[in-house]
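Contents: one structure, followed by commentary.
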Amino acid sequence: MASQEAPVDTAPSKRWTQFYAALQLAIQRAAHKWTYKDFSECFPLWCEEQPNGAEGVFNTVSNFIETHIVTNTNKLFEQYDVQKNVDTLHQVVTEARARRQRGETPGADRWRADVQPRAAVRARTIPALERERDLLRARLAEMEKENTELSREVQENVAVQGRADAKTAEIFAFFDEIYARWKELPLEDMQAWTLLTAETQSAINPPP
Numbered sequence: 000m001a002s003q004e005a006p007v008d009t010a011p012s013k014r015w016t017q018f019y020a021a022l023q024l025a026i027q028r029a030a031h032k033w034t035y036k037d038f039s040e041c042f043p044l045w046c047e048e049q050p051n052g053a054e055g056v057f058n059t060v061s062n063f064i065e066t067h068i069v070t071n072t073n074k075l076f077e078q079y080d081v082q083k084n085v086d087t088l089h090q091v092v093t094e095a096r097a098r099r100q101r102g103e104t105p106g107a108d109r110w111r112a113d114v115q116p117r118a119a120v121r122a123r124t125i126p127a128l129e130r131e132r133d134l135l136r137a138r139l140a141e142m143e144k145e146n147t148e149l150s151r152e153v154q155e156n157v158a159v160q161g162r163a164d165a166k167t168a169e170i171f172a173f174f175d176e177i178y179a180r181w182k183e184l185p186l187e188d189m190q191a192w193t194l195l196t197a198e199t200q201s202a203i204n205p206p207p
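Position 5 of the sequence shown, counting from 1, maps to 4 under numbering that gives the first Met the number 0, and the rest follow consecutively.
The structure is reproduced here in structure tokens:
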């Protein structure tokens, strides 16, 4: 019975959730850092004469700034796939902590403080490339074997076709020889002899 793969967890990681929540809070605070009091100091006469309209404009501007920052931030996150990268970082850190708790010794493909990132990447990448190379070599050998077998079959078919063509040519040559000899026969004399023979037989054996 084939083993079933575990479903991939598509939920955002805890690290991403906390990071995004903190970012939203920072955007909100930045957008509303300029308070209505600061606004009224810039437009005191208008705020005094039309307090409701001035406050509405202030709220509209603040909300626009917040929405604009959030929209552009999300576009950047989508462009650079930030959530996926943060989730990957969270997974790496979580796995490293779990290995440390189990007391496992880091392998050749695990990052350590004394290991350059390139060395860790090569330790993980090179074995995968070598496996892919071996698979390609095996496939190439299989294809070469199939090509050899196909080439042998083609050669056999060509030989059979050659023998069939030679036999056919031989038969046609035999027919041509028979036709040539048939043309050399004295057909008029043979027809006259046949007619004479028929008349003679009729004279010898008249009909009853």
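Think of the CB as a built atom: it goes at the ideal place given N, C-alpha and C, for glycine as much as any other residue. This one's a predicted model, so the numbers in the text were calculated from it and none came from an experiment.
Thinking C-beta only, is Trp15 closer than 7 Å to Gln82?
Counting from 1 along the sequence shown, the entry for residue 82 is found at position 83. Counting from 1 along the sequence shown, the entry for residue 15 is found at position 16. The answer is yes: Cβ separation under 7 Å.
According to DSSP, simplified to helix, strand and coil, what is Trp15?
Position 16 of the sequence shown, counted from the first residue, corresponds to residue 15. Three-state result, Trp15: helix.
Can you name the start and end residues of the alpha helix (DSSP H) that Glu77 belongs to?
Here residue 77 refers to the residue found at position 78 of the sequence shown. Glu77 -> alpha helix (DSSP H) spans 50-78.
Using the beta-carbon count (16 or more within 10 Å), is Cys41 buried or exposed?
Here the question's residue 41 lines up with position 42 in the sequence shown. With fewer than 16 Cβ atoms within 10 Å of its Cβ, Cys41 is classed as exposed.
Three-state secondary structure (DSSP) at Trp181?
What you label residue 181 is simply residue 182 of the sequence shown in a count that begins at 1. If DSSP states are grouped into helix, strand and coil, Trp181 belongs with the helices.
Could you round the C-beta distance between Val69 and Phe18 to whole angstroms and report it? I think they count as a contact, below 8 Å.
The count along the sequence shown starts at 1 and reaches residue 69 at position 70. The count along the sequence shown starts at 1 and reaches residue 18 at position 19. Not a contact, Cβ separation roughly 14 Å.
Alpha carbon to alpha carbon, what distance is there between Val60 and Leu75?
Within the sequence shown, numbered from 1, the residue matching residue 75 stands at position 76. Within the sequence shown, numbered from 1, the residue matching residue 60 stands at position 61. The alpha-carbon atoms of Leu75 and Val60 are separated by roughly 23 Å.
Rounded straight-line distance, which links the Cα of Ile170 to that of Val159:
What you label residue 159 is simply residue 160 of the sequence shown in a count that begins at 1. What you label residue 170 is simply residue 171 of the sequence shown in a count that begins at 1. Cα to Cα, the separation comes out at about 17 Å.
Leu194 versus Leu184 - alpha carbon distance
By one-based count along the sequence shown, residue 194 stands at place 195. By one-based count along the sequence shown, residue 184 stands at place 185. About 17 Å.
Going by other Cβ atoms of all chains shown within 10 Å of its Cβ, with 16 needed for buried, is Phe63 buried or exposed?
Counted from its first residue, the sequence shown places residue 63 at position 64. With fewer than 16 Cβ atoms within 10 Å of its Cβ, Phe63 is classed as exposed.
DSSP state of His31, grouped into three classes?
Sequence index remark: in the sequence shown, residue 31 carries index 32 (1-based). Looking at His31 - three-state DSSP - the assignment turns out to be coil, as it is neither helix nor strand.
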